DNA sequence: CCAGGGACTGGAAGCGCTCCCGGTTTCTGG
DNA sequence: CCAGAAACCGGGAGCGCTTCCAGTCCCTGG
């Protein structure tokens, strides 16, 4: 277990101890062909005896591969970080990387600052591939990533363009289901608080909303945008009430905004869900805390991270995986209960 | 801007173009001494012309340094990730690394699984230093980190032992201030919901609680432990009420648990703060949402990340920085308002 | 019994950079 | 004007690994 020198044992030492050439030792360790069973065994023994672990840096240099992938997150307002999103994404990514011997590097990019750092990071050989998340309208990060030529997987589509590889949540479907639920409750004057207009996720959820209301032949122009924060949601709700005091339902594009909207509604004396039904999006823990608790669209955050990494691994290995759209699920709680019509009958 | 070959330009090409030796070019680029102004200029021009960026892998191999530090988080129950903690820590760490050209690697360690991966990661030359967070009782991670011999900074003290380098929040002070606030409100039957007994943060906050009550000559044995979750907090509150129906205040070691405790209190017909005053810990967004809003102890999460990285950088550079204890701050909201006695007087 | 093919083997040439070191040039002060 | 120091320069030996390739050896089928 102790290397002769104070440092880590090297391949040479392993080879010497095993009585073979360095080449043979290398082949044995990477279990390639052209190694006799005897030698392979000898090498394995030597490895164990010395506690040898390949020097990844040297491997990287020789193989012209890095042994790491980066997760790049565009960090506007730490918005993503106010939520538990981030941690779950990372948990998923980590799980997918578990048995690959690839390291995960993290790259937080402020849209305005630190571009040099980002550019450096993206230039090979700093990583073998990259996952990008949470892009805004025309985030400089997108251009930089494209220029880098690195295998790239998008977590959530960018506003413009359709990258070759991505994993996204079915935001449009989720938006539709949310609105459909409100329609099924018999609501007729349905509004929505959408996310920032320069994000694909907001646009998609809004499209889904419009889909559902069109099918139901309802007006779907009662839209206000906000920035995914609680305060933003509260303000947007204020504007909606001003535009249409008689609205009887609102589909909100995030739980945080929904929490804000709830507060505004209560302040204005509306009862939820009696007067106004509310459905959120995300299924954050916060949804249990609001009064009333929040009906919402659950999205598989952890899976998003997991699948992103899986797709990236495939791409890095030269495969052509197909893009993925992960399903959402309606979670019914108090703010927009199940339709009674279906209850017994 | 285009390298002659399809690949990235190398130092040799730069040197050739600048008409100097590779050594000189290297010195110029790392702006070391012993380069004439003229040559330095020529090299700089060549670098710009070729768009040269040093190959970090090769540098790493030659310098016997990696160019990356790791942030290791012990991942029990994704507890840390339910909160916005994680993102803020990372934002802080990233800020501190901003102009160092060091990459940040992330290591999520399940206490039971994935040890091999962790061990590999910790063995040089996979990183130049490591930051460890959120250790439990005797987390295997701690032993592994210690064995690795890598420069290590602890974010939050471990339960056992006192590492040479760490950054922590003044949890004991925070616990004390919380309790003092309740005392100053005239409360006499003060309970506490502490965190898991096998974490240093829980123990420290509890010690602070005991400090304050001892000084005030009040009983400080009304203690229940929970796991930092809302559900856990609710259950613990239940137990406390059973033990002491007449309690008039409770200091809770996290906002999440406090949110749960509030629910339990309301369910049992207690008015907050009239019957029972409540103070939390953390200052998470959730504290604005509860009914009533939550008085709490704010802790500088982002700074914790920032300082951790700063200390690590210093250690890696061979310095001997002193450990840091970051201050907390009482944030007074509705669940435990400011003492009236001091209001006008 | 022998040619030919396959499975092995180890030497050596990298991967792209750092850094030591002996040698040359230039500058300074006496 | 000269010795000695200081500044500068480039050759070359690594860092630890992979991988090409020319060479051995053994085994088969004709």
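Protein chains in written order, with our numbering: chain A, 90 to 434; chain B, 90 to 434. Positions of the beta carbon are idealized from the N, C-alpha and C atoms, including for glycine. Since we're looking at a predicted model, the values are computed, not measured.
Counterpart residues of residue i in DSSP-defined beta bridges
i: residue 392 of chain B; result: Answer is none; residue 392 of chain B lacks a bridge partner.
i: residue 243 of chain A; result: A:221 and A:255
i: residue 154 of chain A; result: Partner(s): none; residue 154 of chain A has no beta bridge.
i: residue 194 of chain B; result: A:194 and B:159
i: residue 202 of chain A; result: For residue 202 of chain A, which the question treats as bridged, DSSP gives no partner whatsoever.
i: residue 338 of chain A; result: A:279 and A:366
i: residue 418 of chain A; result: A:387
i: residue 312 of chain A; result: A:281
i: residue 413 of chain A; result: A:256
i: residue 371 of chain A; result: A:387
CB-CB length for residue i against residue j, believed under 8 Å
i: residue 229 of chain B; j: residue 249 of chain B; result: Contact flag wrong, Cβ pair sits at about 13 Å.
i: residue 415 of chain A; j: residue 173 of chain A; result: Going by Cβ atoms, the distance from residue 415 of chain A to residue 173 of chain A rounds to 17 Å, so no, they are not a contact pair.
i: residue 259 of chain B; j: residue 245 of chain B; result: With a Cβ gap of about 11 Å, residue 259 of chain B and residue 245 of chain B do not count as contacting.
i: residue 192 of chain A; j: residue 194 of chain B; result: 5 Å
i: residue 107 of chain B; j: residue 132 of chain B; result: 5 Å
i: residue 397 of chain B; j: residue 242 of chain B; result: 5 Å
i: residue 282 of chain A; j: residue 325 of chain A; result: 5 Å
i: residue 263 of chain B; j: residue 297 of chain B; result: 6 Å
i: residue 159 of chain A; j: residue 216 of chain A; result: 4 Å
i: residue 225 of chain B; j: residue 288 of chain B; result: 6 Å
i: residue 117 of chain A; j: residue 129 of chain A; result: 5 Å
8 Å Cβ cut-off: residues of chain A touching residue i
i: residue 380 of chain B; result: 380
i: residue 194 of chain B; result: 157, 192, 193, 194 and 195
i: residue 371 of chain B; result: The premise fails here: residue 371 of chain B is roughly 13 Å from chain A at the closest Cβ pair, so nothing lies under 8 Å.
i: residue 316 of chain B; result: Going along chain A, no residue has its Cβ under 8 Å from residue 316 of chain B, so there is no contact; the nearest lies around 14 Å.
i: residue 101 of chain B; result: Neighbours of residue 101 of chain B on chain A: none; closest Cβ ~15 Å, over 8 Å.
Residue i vs residue j beta-carbon contact at 8 Å
i: residue 240 of chain B; j: residue 153 of chain B; result: no
i: residue 198 of chain B; j: residue 237 of chain B; result: no
i: residue 402 of chain B; j: residue 127 of chain B; result: no
i: residue 255 of chain B; j: residue 412 of chain B; result: yes
i: residue 100 of chain A; j: residue 115 of chain A; result: yes
i: residue 435 of chain B; j: residue 147 of chain A; result: There is no way to answer for residue 435 of chain B, as the model of chain B reaches only from 90 to 434.
i: residue 219 of chain B; j: residue 267 of chain B; result: no
i: residue 314 of chain B; j: residue 286 of chain B; result: yes
i: residue 375 of chain B; j: residue 375 of chain A; result: yes
i: residue 175 of chain B; j: residue 176 of chain A; result: yes
i: residue 103 of chain B; j: residue 124 of chain B; result: no
i: residue 406 of chain B; j: residue 370 of chain B; result: no
i: residue 97 of chain A; j: residue 145 of chain A; result: no
i: residue 378 of chain B; j: residue 379 of chain A; result: yes
i: residue 261 of chain A; j: residue 307 of chain A; result: no
i: residue 234 of chain A; j: residue 221 of chain A; result: yes
i: residue 336 of chain B; j: residue 365 of chain B; result: yes
i: residue 361 of chain B; j: residue 367 of chain B; result: yes
Proximal residues of chain B, C-beta to C-beta of residue i below 8 Å
i: residue 142 of chain A; result: 209 and 212
i: residue 337 of chain A; result: Here the premise fails: no neighbours, minimum Cβ distance about 24 Å.
Neighbour list for residue i in chain B, Cβ cutoff strictly below 7 Å
i: residue 183 of chain A; result: 197
i: residue 175 of chain A; result: 175 and 176
Residue i: contacting residues in chain A (beta-carbon distance under 9 Å)
i: residue 97 of chain B; result: 212, 213 and 214
i: residue 217 of chain B; result: Under the 9 Å cutoff, chain A gives no residues; its nearest Cβ is about 11 Å from residue 217 of chain B.
i: residue 344 of chain B; result: Within 9 Å Cβ-Cβ: nothing; residue 344 of chain B doesn't reach chain A, min ~11 Å.
Interface partners of residue i on chain B, CB under 9 Å
i: residue 150 of chain A; result: 144, 146, 147, 149 and 150
i: residue 375 of chain A; result: 374, 375 and 378
Where residue i meets chain A, residues with beta-carbon distance less than 7 Å
i: residue 348 of chain B; result: 378
i: residue 179 of chain B; result: 195 and 197
i: residue 296 of chain B; result: The premise fails here: residue 296 of chain B is roughly 28 Å from chain A at the closest Cβ pair, so nothing lies under 7 Å.
Inset, instruction - Would you check if there are 3 or more beta carbon pairs closer than 8 Å linking the stretch 382-400 of chain A to the stretch 418-431 of chain A? - result: Between the stretch 382-400 of chain A and the stretch 418-431 of chain A there are three or more C-beta pairs closer than 8 Å, enough to call the two in contact.
Inset, instruction - Answer yes if the stretch 346-363 of chain A comes into contact with the stretch 392-405 of chain A, meaning at least three C-beta pairs across the two stretches below 8 Å, and no otherwise. - result: Short answer: they don't touch.
Inset, instruction - Examine the Cβ distances between the stretch 271-285 of chain B and the stretch 338-346 of chain B and report whether three or more of them are shorter than 8 Å. - result: yes
Inset, instruction - Examine the Cβ distances between the stretch 322-332 of chain B and the stretch 289-306 of chain B and report whether three or more of them are shorter than 8 Å. - result: no
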